[in-house]
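In the numbering used here, the protein residues as written are 25 to 173.
Working notes for the structure below.
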């Protein structure tokens, strides 16, 4: 339950982290950038008049997205015993599984990244990551509860 809620809560902030990565590189190289609101095609960053390398700017989207998705690990020791935290962590780590390859695919294979097939791949990676971490992190509790029998 908390993993589904965690995904619903974090999908937009992690998307904004991704777009802020583009914005940071754009503005670092003298451009003007704007991160738009979510639409039916996602969240977009628009960069004007930047002298940055386009590949670098595209790479930093996925890089920042990965950092945003991994950020719950910073507070792991403080919140690991809270019932909501594990679901939140599962949701974020599942998204990190998709954000990391985005940094390379967006930089070097943009046409594929921007295609419908690329979108399906990233959705599939997110779901596989989400289910995988759900099984991995959920298993510890199941094993510890069976050892009490």
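Ideal Cβ placement from N, Cα and C applies to all residues, glycine included.
A quick note: this is a predicted structure, and the numbers were derived from the prediction, not measured.
- The beta-carbon separation of residue 86 and residue 126, rounded to 4 Å, stays under the 8 Å limit for a contact.
- Annotation for residue 113: 96 place their beta carbon closer than 6 Å to its own, counting only its chain and skipping 5 residues before and after.
- Within the stretch 76-163, the runs of alpha helix (DSSP H) at least 4 residues long that lie entirely inside it are, in chain order, 78-94, 100-103, 107-132, 134-137.
- Beta-bridge partners assigned by DSSP to residue 70: 58.
- Residue 133 and residue 144 have their C-alpha atoms roughly 15 Å apart.
- Of all alpha-carbon atoms in 146, 135, 117, 69, the one lying nearest the alpha-carbon of residue 159 is that of 117.
- Taking the Cβ atoms as the reference, residue 32 lies roughly 11 Å from residue 111, outside the contact range of under 8 Å.
- Secondary structure note for residue 40: its alpha helix (DSSP H) is the uninterrupted segment 26-52.
- The stretch 46-60 and the stretch 70-78 touch, with no fewer than 3 CB-CB distances between them shorter than 8 Å.
- Rounded to the nearest angstrom, the Cβ distance from residue 67 to residue 39 is 5 Å, consistent with a contact under 8 Å.
- Comparing alpha-carbon positions, the option among 52, 103, 99 lying closest to residue 81 turns out to be 52.
- By the neighbour-count criterion, in which a residue is buried when 16 or more other Cβ atoms sit within 10 angstroms of its Cβ, residue 121 is buried.
- By the criterion of a C-beta distance shorter than 6 Å, residue 102 is surrounded by no residue of its chain, once the five residues flanking it on both sides are discounted.
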